[in-house]
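The structure under discussion appears below in the form of structure tokens.
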Amino acid sequence: MLKRIEKFDMRIGQVNTVRIEELIRLGTLKDGIQLTTLDIHLPIYGQVIPRIEVEILGNGFRKKVTVRVNQHSRFMFDGESIKASINGEIKSVFAYQYVDKDRAPTGMYNFGMLRENGTRSFVFDYHTYCAYSCAFCFKENEWEVLSIDGQGTKDYKGNYEDCLRYIETHAEDFQSNYDIVWLCTGSIVNVAVELQRHCGIAKKLREIGYPNDIYVSQVVPDAIRKDQDRRTDYLTELKESGVTRFNTGVEIVDSQLRKKYIQGYKGSFTFSDYLNIFEDAVDVFGHFGAGSCLLAGIEPSVNTLFGLEEIAKMGVVPAPTVFTPFVSKQEKIKFYFNLDELIEMHVKFNDIIERYKLPVFSGVFSLA
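In the working numbering, the protein residues as written are 94 to 461.
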């Protein structure tokens, strides 16, 4: 096995910039993992790239990541550790596959309607598809799995009602197990219904005694994009229902790349459009009451770092994630830089976190 690992040796200039657990976490997010054990079996779902959730452990370090299985990866997972040959030296970190038997019994990371995302974080995803179908989105994975399983329902009303029932029957879990509940779901074109469902879930969580944060994440509806008064009313209704943060994904800063990868009217948004929206969101929800995801790797790092700092200045919480393909067609999307630059980007983002005293959410795809 050691000889096999040595064949995949990589030269990393930034090897001493971060601890080895962080380097390997970032590397596996970018390149995936090569399985070197027969104990892990995953289902094949059409064009879906198999992926597992792994917890990486070290002294004072514990982070979950979801990584794709890639037998060309230079990071090798045997079920107990991840190993890699770096600058001629074999490095190893403790790691194990995390399996949620209730929501992901196959062992493959679950993008379904009800899921955990990182430590003490829960996601409701009642719109199992999205009206905008951005080329890079994880939803492409979810829809493929649901379709093959014969569960590809667009009965969004039924999904929404199932989520309400889940809250009622798991009230104690929400009261004690989670610090953040995400309403992170596919966007629909009916503005009123989308708002009503977000508010309904938030109100139900408050009714059963959930005391912590509720974050909504959605595409800004076209109907409120240019109408500040209507946009403010929309945001205010979310807040009054119990939502504590409004998130909308910038994802890509460069206008031309946005049009290339983001479908529909959302692709015509400019970064300046987002700054106007975030200004209103901060007015309604307060400092750090708005947030946004930007994708590390889908464009030059200078663009992403610029976007992260600009929104951080406004009191918006940036939540950058490392771009990773979820279905085979997404493997054609260019990753703009190597692991050295990704490590450097991680360090610079942590500098931004410190400079603006940002709250940190380390999800399973997080750059942080």
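Beta carbons are placed, not taken as given, at the ideal position from N, Cα and C, and that holds for glycine.
Neighbourhood of residue i by C-beta, 8 Å cutoff - its chain only, sequence neighbours within 5 removed
i	result
K406	Y449
L328	F339, D373, A374, V377, F378
L288	Y327, E330, L331
P143	L135, P136, I137, R161, V162, M201
I80	Given a span of 94 to 461 for the chain in the structure shown, any question on residue 80 remains unanswerable.
D86	Residue coverage of the chain in this structure runs from 94 to 461, which leaves residue 86 outside it and unanswerable.
Residue i to residue j span [Cα, whole Å]
i	j	result
W275	K425	30 Å
L135	Y367	39 Å
I98	E300	53 Å
H439	A461	6 Å
S421	Y303	39 Å
Q268	L398	36 Å
F381	K194	34 Å
L257	A295	10 Å
V409	Q311	15 Å
F154	V336	31 Å
T129	F419	21 Å
L388	S365	17 Å
Y249	G400	33 Å
C292	V186	43 Å
T121	F168	6 Å
L95	L150	21 Å
D218	D306	17 Å
F362	K319	11 Å
N152	P411	27 Å
E146	V284	34 Å
A188	I175	6 Å
K352	C386	17 Å
P413	V286	29 Å
Q127	Q423	19 Å
V465	R324	Here the chain comprises residues numbered 94 to 461, so residue 465 is not present and cannot be evaluated.
H165	N431	15 Å
A264	E148	27 Å
D384	I133	At residue 384 the sequence reads Gly, which differs from the Asp that was named. Approximately 36 Å between the Cα atoms of the pair.
I317	T221	23 Å
K123	G456	15 Å
Y354	Y308	25 Å
K297	N270	17 Å
L131	E333	51 Å
E447	I345	23 Å
G251	K100	52 Å
S394	V415	11 Å
D266	F170	32 Å
T262	V141	32 Å
A228	T341	17 Å
Residue i - partner residues in DSSP beta bridges
i	result
V410	G384
Y189	E148
R338	Y308
E182	I179
Q127	M169
S174	F187
L368	Per DSSP, none; premise fails for L368.
G389	For the record, residue 389 in the displayed sequence is Ala; it is not Gly. Note: A389 sits in a beta bridge opposite V415.
S214	I273
V160	I145
F154	G151
R208	V216
S459	T414
E344	L387
M201	M201 is not bridged to any residue.
Own chain partners of residue i with C-beta closer than 7 Å, once the 5 adjacent residues on each side are dropped
i	result
D102	S178, G181
C223	C230, K232, G279, S280
I436	Q107, T110, V111, L116, L119
D433	I105, G106, Q107
V282	A224
V192	G200
K359	Y225, V312
G125	V160, R161, V162, N163, S166
Integer Cβ distance of residue i from residue j, believed to fall under 8 Å
i	j	result
D322	N396	32 Å between Cβ atoms; not a contact.
I370	V313	6 Å
G390	F442	At roughly 13 Å, the Cβ-Cβ gap does not stay under 8 Å, so G390 and F442 are not in contact.
G172	Q190	7 Å
F458	T417	7 Å
K157	I113	About 17 Å separates the two Cβ atoms, so there is no contact after all.
Residues of its chain near residue i, where Cβ-Cβ distance is below 6 Å and the 5 sequence neighbours each way are ignored
i	result
L463	No answer is possible for residue 463: it lies beyond the span of the chain, which begins at 94 and ends at 461.
S226	Q356
T199	P136
V216	R208, N210, W275, C277
R290	Y253
S214	I273
D315	Y358
Any non-hydrogen atom of the ligand COA within 7 Å of residue i CB
i	result
E114	No copy of the ligand COA occurs in the structure displayed, which carries no ligand at all.
For this session: Would you mind listing the alpha helix (DSSP H) stretches within the stretch 240-317 that are 4+ residues and don't spill past its ends, in chain order?
Result: As for any alpha helix (DSSP H) of minimum length 4 sitting wholly inside the stretch 240-317, the runs are 249-262, 264-270, 284-300, ordered along the chain.
Exercise. What are the start and end residues of each continuous alpha helix (DSSP H) run of 4 or more residues lying completely inside the stretch 416-450, in chain order?
Worked result: As far as the stretch 416-450 is concerned, its whole alpha helix (DSSP H) runs of at least 4 residues are 432-448.
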